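Novice:
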Amino acid sequence: MLIGNEISDSKITAADLRSDLESNKIHGEPGLVQKTGNYRIIVKTWKQILNEFELRYNDISNRLSLKEVEIVSETPDQLTKDIKKLSESAL
Numbered sequence: 001m002l003i004g005n006e007i008s009d010s011k012i013t014a015a016d017l018r019s020d021l022e023s024n025k026i027h028g029e030p031g032l033v034q035k036t037g038n039y040r041i042i043v044k045t046w047k048q049i050l051n052e053f054e055l056r057y058n059d060i061s062n063r064l065s066l067k068e069v070e071i072v073s074e075t076p077d078q079l080t081k082d083i084k085k086l087s088e089s090a091l
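For the sequence shown, the residue numbers in the UniProt record's numbering are 1 to 91.
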């Protein structure tokens, strides 16, 4: 995988990435530049990587935030009781 700040539109470069990306759209894999045998070359920008991360892990992040609010609102005594229950049930 090749990652950069942006994908160049330059026709002068040795690798004309835009045309490779366009011609490989038929494979249905975003960012695919070349697919040969057992390997694939994928080109993405950092913005694409971060957006994919946010989409993939947004649900988990939200659930953890809700759990954090739930834990913060409990008293230390209640948290201790909860931990004891969990450790007893694990035995």
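Built from N, CA and C at the ideal position, the CB exists for glycine as well. All of these numbers come straight from a predicted model, not from anything done at the bench.
1. Please name the residue in His27, Asp59 and Leu21 whose C-alpha comes closest to that of threonine 45.
2. On the criterion of 16 or more Cβ atoms from any shown chain inside 10 Å, does valine 72 qualify as buried, or is it exposed?
3. Tell me the rounded alpha-carbon separation between histidine 27 and leucine 66.
4. Quick one: residues in its chain with C-beta nearer than 6 Å to the C-beta of isoleucine 41, no 5 flanking neighbours on either side, listed in chain order?
5. Below 8 Å CB to CB, which residues in the same chain sit around asparagine 24 once its five sequence neighbours on both sides are set aside?
Specialist: Once the coordinates are examined:
1. Here residue 45 refers to the residue found at position 45 of the sequence shown. Among His27, Asp59 and Leu21, the Cα nearest to that of threonine 45 is on Leu21.
2. The sequence position of residue 72 within the sequence shown is 72, counting from 1. It is exposed - the Cβ of valine 72 has fewer than 16 other Cβ atoms within 10 Å.
3. Along the sequence shown, one-based indexing puts residue 27 at 27. Along the sequence shown, one-based indexing puts residue 66 at 66. Each residue's alpha carbon lies about 39 Å from the other.
4. As a first step, residue 41 is located in the sequence shown; it is residue number 41 there, counting from the start. Correct list, in chain order: Val33 and Gln34.
5. Looking up residue 24 in the sequence shown gives position 24. So the list reads Leu32, Val33, Gln34 and Lys35, once near-sequence residues are dropped.
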